[in-house]
């Protein structure tokens, strides 16, 4: 054999060859329940976080939900309508947090103009003006940061 040439022991060769006979491990498939759960969470109405940070990765659900139990109840109803088995509450909570979703909007993420617009107290022109000002302010801030990094100020 090639043992003398390579300097390998017989037990080492047997062990490596026996591993070749083992079937390859199968990758776990995405379960249909998890696909249904993910599509349900993606379909929920979301609100943009615009007052906290420019690049906030947190996704806030519309304020019609009071708790995670409310969202889970809607999910169960959704599954019953489609005659599918819902995932467990723990799997639901895990997927909910993996998608970085939140139910409650932080107090600092609400401005008077946006709340007034959502309550139909402020017209669309004033709201659009506010959004443009916000975008322009964020743009100027990022330009100021970049000029400070470049040493221009």
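Residue numbers (this note's numbering): 771 to 923.
C-beta atoms are modelled at their ideal positions from N, C-alpha and C, and glycine is treated no differently.
No experiment lies behind these values; they were computed from the predicted model shown.
At least 8 Å separates the beta-carbon of residue 870 from that of residue 813.
Using a Cβ-Cβ distance cut-off of 8 Å, the stretch 854 to 874 and the stretch 889 to 903 are not in contact, since fewer than three pairs of beta carbons, one from each stretch, lie closer than that value. Per the DSSP secondary-structure output, residue 830 pairs in a beta bridge with 817, 872. The beta carbon of residue 837 is closer than 7 Å to those of 873 in its chain, skipping five residues each way along the sequence. In the three-state reduction of the DSSP assignment, residue 881 falls in the coil class.
Taking the CA atoms as reference points, residue 920 sits about 10 Å from residue 913. Around residue 844, the same chain offers no residue with a beta carbon nearer than 7 Å, after the five sequence neighbours per side are excluded. DSSP, read as helix, strand or coil, puts residue 777 in coil. Between residue 862 and residue 885, the alpha-carbon positions lie close to 30 Å from each other.
The three-state secondary structure of residue 835, taken from DSSP, is coil. By the beta-carbon neighbour count (other beta carbons within 10 angstroms, threshold 16), residue 811 is buried. Close CB contacts of residue 900 within its chain, under the 6 Å cut and outside five residues either way in sequence, are with 883 (chain order).
Beyond the five residues adjoining it in sequence on each side, residue 780 comes within less than 8 Å, by CB distance, of 773 in the same chain, given in chain order. In the structure shown, residue 865 adopts helical secondary structure according to DSSP, grouped into three states.
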